[in-house]
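Asker: Dumping the structure here so I can ask a few things about it.
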Amino acid sequence: MIRAALAILRKDLRLELRTGESAPAMVLFSLIVFVLFHFGLDRDTLEGDLASGVLWVTILLAAVLGVNRLFASEREGAAIDGVLMAPIDRTAFFLAKAAALFLYLVALELVALPAFAFLLLSPSLTGALPELLAIVLLADIGLAAVGALVAALAVETRTRELIVPLMLLPLLVPVVIAAAAATEPLFSGSQAPDDLGTWLGVLSLYDSVFVLVSIAVFDFLLED
Amino acid sequence: MGTGAQEPALAIEGLERHYGDRIALAGVTLSLPVGATLAVFGANGAGKTTLLRVLATLLRPHGGSVTALDASLPDDAWRLRGRVGYLAHEALLYRDLTPRENLLLHARLHGLPAARVDELIAQVGLARRAGDRVRDLSRGMVQRVAAARAVIHDPPLLLLDEPRAGLDPGAAARLEPLIGRESGRTRVLVTHDVDAGLAECDLALGLKLGRQVFCGRATADEVRELYR
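If you read the sequences in order, they're chains A and B. The first sequence begins at 0 in numbering that gives the first Met the number 0 and counts up by one. The second sequence begins at 0 in numbering that gives the first Met the number 0 and counts up by one.
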C-alpha cells in the first residue's frame, strides 16, 4: 500500500511542479486576502484574536482551492479509472491525496506566514516559532485528511465546485476553533500560553479521528 | 469462428445495470471461453460501454450474476483487478505526464520493472515521443500509449472500446500483437465496424437500448439491423 501511495504521490507532485495549478494559486489567494483584510479592516497591524482569526480563515479558504483541484488531473481523460483498476488498496489513493494536500498547505504557509507577519501582524513571531510550527502542522494534517475525503466525495458530482466548500468548511470548524485559540496568545505577545497543550490535544484528536474515518470509508467512496 | 471447450473466461447471467431510473443493461446473458473474442454491437446508448465498465470493475452490476476469470462481481472485484486490461473510449492517461511517466506509474502500481515500460514504448513505436506530454501527442499516438497502458500487466482479459479509433494502418498493425487476436487474450471488443468486428470475433453480442437482441453467431445484416 505504501509503495502504491508513494507512486501516486510522486505522480501528483510531478504534475503540480509541471502545471503549478494548486499551490501557487493557494499562495496568491492568501496574499490577496491579506491585502483585502488590510484595507477592509482599515488597520495597519493586527494582534491577538483578530490576527489569529484572519490567518486561519485565510488558510482555510486557500485550502478550499487546493481541495477543489485535488482530483482535477484524475478526471481529465478519466485517468482515475486506470488507477482504480490496478491491484492496489484504495487507501493508498487517500494517503497519496492527503499527503499531496498536506505538502501544498506547507508550501502555502511557507509564504503566507512570513507575508502575514510582514503585512499585518503586530507582535514579532520570532520567539513563538516552535509553538506556531506545532499548531500549523497539526492543523494541516486535519485539513489534508478532511480535504482528501471531501474531494473524493465530490469527484464524480457535477457541482463539485459547490459541494467542496459547502461540505469542507463546516467539517473544518473544529480545526479553526482549536488552531485560532492556540495561536491567539502567540499573536498577543504571550510566549508560553497556558492552554496550548489542550488545543494541541484537540487538534491531535481531530486528526486521529478523521484520518481513521477516511481510511475506513475511502474505499467505498471510490466505488461506483 | 472456433472456441475451445474450457471453463469460460466470462459467464454472465441476466446482468442488469441502471443509471437512476434509466435501464442501461438488462437481461444480458453470455458465456465466453478463454482466449475467445466477443464483439459487442449496438447503436449509441445501447449499453456497450456500460458492459465494459462493469467487467472492468468500475461499475457495480445491479442484478444478475457476472463471473470473470473466476471472480464474481462485485464481491470479488479485488481479485479481478490486475488481471483485466481496459482500452477505453478515453485514454485513462494523465495528459500532463509523458507516455513514459504514465506507463512507469502503472508499472509501479502493478509491481512491474521499468524495463517493461521501455519494451512497450518500443513495441508501440513511440520511443522518439516518449518524453513529450500526452497532451501534445496526436490522437493516434495517444491511442498507442493507451494500448500500452492497457496491456502493461499482460492481462488475460482485455476490454476494448473502439481500439483502432484514430490509428493509421501502420499503427493498427503495430498494436495487433498487443491487443489483436494474436495476443491470445480473451477479448471483449466494442466496435461499430460490422464487417471487421464479425471477422475477428468468436461470438457476437447485439444490444439495443440496453437489452440483448442476440448473442452467438450473427450475420452482418442482423448486426446492421441494430443500427436502424
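Cβ atoms here follow ideal geometry from the backbone N, Cα and C, with glycine treated the same way. A quick note: this is a predicted structure, and the numbers were derived from the prediction, not measured.
Measure the beta-carbon distance from Arg82(B) to Leu68(B) and round it to whole angstroms, keeping in mind my assumption that it falls under 8 Å.
Answerer: Taking the first residue of the second sequence as 1, we reach residue 82(B) at position 83. Taking the first residue of the second sequence as 1, we reach residue 68(B) at position 69. Right, their Cβ atoms sit about 5 Å apart.
Asker: Using the rule of at least 16 other Cβ atoms within 10 Å of the residue's Cβ for burial, across every protein chain shown, is Pro169(A) buried or exposed?
Answerer: Residue 169(A) sits at position 170 when you count from the first residue of the first sequence. Pro169(A) is exposed by the Cβ-count criterion.
Asker: Should Leu14(A) be flagged as near chain B, meaning a C-beta pair shorter than 8 Å?
Answerer: The residue you call residue 14(A) lines up with position 15 of the first sequence. Leu14(A) counts as touching chain B.
Asker: Please look up how many angstroms separate the CB atoms of Ile151(B) and His88(B), rounded, as I've assumed it's under 8 Å.
Answerer: Along the second sequence, read from residue 1 onward, the residue named residue 151(B) stands at position 152. Along the second sequence, read from residue 1 onward, the residue named residue 88(B) stands at position 89. Actually they are not in contact, since the Cβ atoms of Ile151(B) and His88(B) sit about 19 Å apart, beyond 8 Å.
Asker: With DSSP run on the structure shown, which of helix, strand or coil describes Ser182(B)?
Answerer: Residue numbering aside, residue 182(B) sits at position 183 when the second sequence is read from its first letter. Note: Ser182(B) maps to helix in three-state DSSP.
Asker: With a cut-off of 8 Å, do at least 3 Cβ pairs link the segment 5 to 18 of chain B to the segment 26 to 34 of chain B?
Answerer: They touch, by the three-pair rule.
Asker: Any idea what DSSP makes of Ser203(A), helix, strand or coil?
Answerer: Start at 1 with the first residue of the first sequence, and residue 203(A) comes out as number 204. Reduced to three states, the DSSP call for Ser203(A) is helix.
Asker: Give the residues of chain A in contact with Val228(B), contact being defined as C-beta atoms less than 7 Å apart.
Answerer: Because chain B here runs from 0 to 227, residue 228(B) falls outside it and cannot be looked at.
Asker: I want to check one thing, is the minimum distance from the CB of Ser29(A) to the heavy atoms of the ligand FMN below 7 Å?
Answerer: The ligand FMN is absent from the structure shown, which contains no ligand whatsoever.
Asker: Figure out for me which residue from Ala219(B), Leu92(B) and Ile22(B) has the closest Cα to the Cα of Met140(B).
Answerer: Within the second sequence, numbered from 1, the residue matching residue 140(B) stands at position 141. Nearest C-alpha to Met140(B): Leu92(B).
Asker: Give a yes or no on whether the minimum CB-CB distance between Asp223(A) and chain B is below 8 Å.
Answerer: Walking along the first sequence from the start, residue 223(A) turns up at place 224. By this cut-off, Asp223(A) is an interface position.
Asker: So, does the segment 167 to 183 of chain A touch the segment 191 to 211 of chain A, judging by three or more C-beta pairs under 8 Å?
Answerer: Yes, the segment 167 to 183 of chain A is in contact with the segment 191 to 211 of chain A.
Asker: For the pair the segment 62 to 77 of chain B and the segment 34 to 42 of chain B, tell me if three or more CB-CB distances fall below 8 Å.
Answerer: At 8 Å Cβ cutoff, the stretches do not touch.
Asker: Going along the segment 70 to 100 of chain A in order, which residues come within less than 7 Å of chain B, judged by CB to CB distance?
Answerer: Against chain B - using a Cβ distance shorter than 7 Å - the residues of the segment 70 to 100 of chain A are Ser72, Glu75, Gly76, Ala77, Ala78, Asp80, Gly81, Val82, Leu83, Met84, Ala85, Pro86 and Ile87.
Asker: Would you please verify whether the beta carbon of Ala55(B) is less than 8 Å from any beta carbon of chain A?
Answerer: For the purposes of this step, residue 55(B) is taken as the residue at position 56 of the second sequence. Interface residue, yes.
Asker: Output yes if chain B places a C-beta closer than 8 Å to the C-beta of Thr226(A); else output no.
Answerer: Only positions 0 to 223 of chain A appear in this structure, which leaves residue 226(A) out of reach.
Asker: From the DSSP output, in three-state form, read off Ala129(B) for me.
Answerer: The residue given as residue 129(B) occupies position 130 in the second sequence. The answer is coil: DSSP assigns Ala129(B) none of H, G, I, E or B.
Asker: Val66(A) and Val163(A): beta carbons closer than 8 Å?
Answerer: Residue numbering aside, residue 66(A) sits at position 67 when the first sequence is read from its first letter. Residue numbering aside, residue 163(A) sits at position 164 when the first sequence is read from its first letter. Cβ atoms of Val66(A) and Val163(A): closer than 8 Å.
Asker: Quick check: Leu8(A) and Ala99(A), are their CB atoms within less than 8 Å of each other?
Answerer: Residue numbering aside, residue 8(A) sits at position 9 when the first sequence is read from its first letter. Residue numbering aside, residue 99(A) sits at position 100 when the first sequence is read from its first letter. Yes, Cβ-Cβ distance for Leu8(A) and Ala99(A) is below 8 Å.
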